[in-house]
Amino acid sequence: MLITLFLLGLVYVVFVGVLFAAGLQGTTILLIAAGLAAFQFFSSDKLAMHAMGAREVTPQEAPELHAMIERLCIQADLPKPKVAVAYTEMPNAFAIGKTQKSATVCATTGIMKLLSPAELEGVMAHELAHVKNRDVMIMTIASFFASVAATIIQFGFFFGGGGSDDDDGPSFLVILLVSVAVYVISFFLMMSLSRYREFVADRGAALFTGRPSALASALRKISSGIDRLPEKDLRVANEMSAFFIASPKKVVSGLFATHPPMEKRIEQLMRLEAELQRGTLAAA
């Protein structure tokens, strides 16, 4: 993850250097991109909740889920996040929030029906590991300059260089080409970062619960459950797939995937189970 973040930072440093070297006149473009990024930063949580049909629930409405989250938060040394439920048959869970104090963890009604209590605990521990690691904040920051690059690309295609005169044309062409390269490279690096985050969250869940095999069992059931869902039920979740316990996208693999292959995650969890039984996991 550190290597990926370093490479992403290096790409962005080069990008900013090219913008200055080319004498970018399109300050408006940068301001619009910054505004869009700020809007995403402050409103993404509410938009995600709305898109998933989720709402916050009280301890009276979901006593078992609240009790489970409280217990896991004690084990993870985390403040208790808000607890939400998404009313969909999709078996999934996700965490949102830029900080530990503002976090929300959500389980779908589908996943609560599908999993046993131990398996559901493993899933919610995985989501709390994302909160513990501040993954939402990391991905939001990591995507900022990719958003700037995407905005420049859009302006370039729609406005032919933002109304630049002939003297500025070559400079904007360079900026446009570099922006395309930055966006493409950033996309693949962020997908890689997202996959690493899932492995780390799986390990965190294993440490919080002490039962990696329960999460492995949950992942098998979730993968099978998602495969049985019709395509129309998956579309709404695709934009949030990076923060799901398992990707809702049916055909995603390799460099384009937000999640590692399920079999590799299960393999890692079973290794962690063996380490735990030997008493070496906590020390590691």
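Under the working numbering, the first residue of the sequence shown is numbered 1354, with each subsequent residue one higher. From the three backbone atoms N, C-alpha and C, an ideal C-beta is built for every residue, glycine too.
For this session: Going by DSSP, name the residue or residues bridged to residue 1447.
Result: 1459, 1597
Problem set entry | Straight-line Cα distance separating residue 1501 from residue 1514 | Its pLDDT being 48, under 50, residue 1514 is placed unreliably by the model, and the measurement read from it follows with that caveat. So the two alpha carbons sit approximately 15 Å from each other.
For this session: Could you have a look at residue 1433 and say whether DSSP puts it in helix, strand or coil?
Result: coil
Exercise. Taking 7 Å as the cut-off, is the CB of residue 1463 close to at least one heavy atom of the ligand ADP?
Worked result: Looking at this structure, you won't find the ligand ADP or any other ligand, since it has none at all.
Problem set entry | Per DSSP, cross-strand counterpart(s) of residue 1408 | 1438
For this session: Can you give me the Cβ contacts of residue 1459 inside the same chain, cut-off strictly under 6 Å, excluding the 5 residues immediately before and after it?
Result: 1407, 1437, 1439, 1447
Exercise. CB-CB under 8 Å to residue 1479, same chain, minus the five flanking residues each way: which ones, in chain order?
Worked result: 1446, 1554, 1555, 1557, 1558, 1568, 1598
Problem set entry | CB contact flag (residue 1360, residue 1429, <8 Å) | no
Exercise. The alpha helix (DSSP H) with residue 1631 in it runs from where to where?
Worked result: 1615-1631
Exercise. Which residue's Cα is closest to the Cα of residue 1464: 1456, 1395, 1413, 1474?
Worked result: 1474
Exercise. What residues in its chain sit with their C-beta under 8 Å from that of residue 1623, if we drop five residues either side in the sequence?
Worked result: 1565, 1566, 1569
Exercise. Taking just the CA atoms, how far does residue 1484 sit from residue 1531?
Worked result: 34 Å
Exercise. Among the residues of its own chain, which have a CB less than 7 Å from the CB of residue 1454, if the five just before and after it don't count?
Worked result: 1432
Exercise. Expressed to the nearest angstrom, what Euclidean distance is found between the alpha-carbon atoms of residue 1579 and residue 1444?
Worked result: 7 Å
Exercise. Based on Cα-Cα distance, which residue from 1538, 1506, 1545 lies nearest to residue 1529?
Worked result: 1506
Problem set entry | Presumed contact (8 Å Cβ cut-off) between residue 1358 and residue 1572, rounded CB distance | About 26 Å; that fails the 8 Å criterion.
Exercise. Who are the near neighbours of residue 1533 in its chain, counting only those whose CB is closer than 8 Å to its CB and skipping five residues on each side?
Worked result: 1502, 1506
Exercise. In whole angstroms, what separates the C-alpha of residue 1628 from that of residue 1486?
Worked result: 22 Å
Exercise. My guess is that residue 1441 and residue 1402 are in contact by the Cβ rule of under 8 Å, so how many angstroms apart are they, rounded?
Worked result: That belief does not hold up - the Cβ atoms of residue 1441 and residue 1402 are roughly 12 Å apart, past 8 Å.
For this session: List the endpoints of the continuous alpha helix (DSSP H) containing residue 1612.
Result: Here residue 1612 belongs to no alpha helix (DSSP H), and DSSP marks it neither H nor E.
Problem set entry | 6 Å CB neighbourhood of residue 1575 in its chain, flanking five on each side removed | 1444, 1599
Problem set entry | residue 1493 - containing alpha helix (DSSP H), residue span | 1488-1495
Exercise. Roughly how many angstroms lie between the CA atoms of residue 1543 and residue 1370, to the nearest whole one?
Worked result: 21 Å
For this session: Express the C-alpha separation of residue 1415 and residue 1456 in angstroms, rounding to a whole number.
Result: 18 Å
For this session: For residue 1490, I'd like the list of residues in its chain whose CB is within less than 8 Å of its CB, leaving aside the five on either flank, ordered along the chain.
Result: 1451, 1452
Problem set entry | First through last residue of the alpha helix (DSSP H) which encompasses residue 1471 | 1470-1485
Problem set entry | Span separating the alpha-carbon of residue 1563 from that of residue 1411 | 27 Å
Exercise. Secondary structure at residue 1515, three-state DSSP: helix, strand or coil?
Worked result: Because the pLDDT at residue 1515 is just 46, under 50, the model does not fix this residue reliably, and the value given afterwards should be weighed accordingly. It is coil, neither helix nor strand.
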